[in-house]
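Letter by letter, the sequence shown follows residues 3 to 135 in our numbering. Remarks on the structure that follows.
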Amino acid sequence: MLGNSRVKKPAVFLLDLVYMVFLTVGVSLFAYGFNYGDHRLFILLSAAVGFALYHNTVGRVVIFFSEAIVRLIRAVIHYVLVVPLRFLFRVIRRCGMWLIHHTVWVLLRIIGDMKRSAYTERTRKKLKKLIRI
């Protein structure tokens, strides 16, 4: 019935089951109102034929529109939530990387300056010792 449809079989079964429940309620109300609750064979046969027609014609249209609605909802969610959140995540990541990059370079400069300062201090002390001798 569905061809290449992406609707899963349980969803189709559930849709058919809901239709059958509505059909049963409708037939029972019809029988109660017009036949004083008497169920006749032609009523049940017409209900079965109605379900077969629904299943092969209108059921396909309902499933087609259901899939279209699901695709529309997914697209709206994608463009309303996913795209802005992805953009926000990229901005936060770039700011974080910039902050980490500059913090690391500042720390490396401070450590390098400390090493150079310590190295120059040691060299100056050694030169003083050499000059005294």
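C-beta: ideal position from N, C-alpha, C; glycine also.
| G35 burial status per 10 Å Cβ neighbour count (16 or more: buried) | Within the sequence shown, the letter at position 33 stands for residue 35. Looking at its Cβ environment, which holds fewer than 16 other Cβ atoms inside 10 Å, G35 is exposed.
| query | Hey, how far is the Cα of R58 from the Cα of L90? | reply | In the sequence shown, residue 58 corresponds to position 56, counting from 1. In the sequence shown, residue 90 corresponds to position 88, counting from 1. Just to set this straight, residue 58 is Asn in the shown sequence, not Arg. Going from the Cα of N58 to the Cα of L90 covers about 47 Å.
| request: To the nearest angstrom, report how far apart D18 and V51 are at their CA atoms. | output: As a working note, residue 18 is residue 16 in the sequence shown. As a working note, residue 51 is residue 49 in the sequence shown. Near 14 Å, if we compare the C-alpha coordinates of V51 and D18.
| Can you tell me whether DSSP reads N37 as helix, strand or coil? | Here residue 37 is taken as the residue at index 35 of the sequence shown, counted from 1. In this structure, N37 counts as coil in the three-state DSSP scheme.
| message | I need the DSSP call for R92, collapsed to helix, strand or coil. | response | Taking the sequence shown and counting its residues from 1, the one referred to as residue 92 is at position 90. Residue state, collapsed to three classes: helix.
| Contact check, V29 vs A49 under 8 Å by CB: the rounded distance? | For the purposes of this step, residue 29 is taken as the residue at position 27 of the sequence shown. For the purposes of this step, residue 49 is taken as the residue at position 47 of the sequence shown. With 8 Å as the limit, V29 and A49 qualify as a contact, their Cβ atoms being about 5 Å apart.
| said: Please return the same chain residues whose Cβ sits closer than 6 Å to the Cβ of H80, not counting the five positions on each side in sequence. | reply: Locating residue 80 in the sequence shown gives position 78, where the first residue counts as 1. Within the same chain, H80 has no close Cβ partners at all.
| request: Assign M3 to buried or exposed, taking buried as 16 or more other Cβ atoms, counted over all protein chains shown, within 10 Å of its Cβ. | output: As a working mapping, residue 3 is identified with position 1 in the sequence shown. Summary for M3: the model assigns pLDDT 44, below 50, so the residue's position carries little reliability; its value from the coordinates is reported in the next sentence. Exposed, since its Cβ has fewer than 16 Cβ neighbours within 10 Å.
| field | Simplified DSSP state of R42, which is helix, strand or coil | value | Here residue 42 refers to the residue found at position 40 of the sequence shown. In this structure, R42 counts as coil in the three-state DSSP scheme.
| query | Since F53 and L25 are thought to touch, with beta carbons under 8 Å apart, how far apart are those beta carbons, to the nearest angstrom? | reply | Translated into positions along the sequence shown, residue 53 becomes position 51. Translated into positions along the sequence shown, residue 25 becomes position 23. Between L25 and F53 the Cβ distance is about 6 Å, and since that is below 8 Å, they are a contact.
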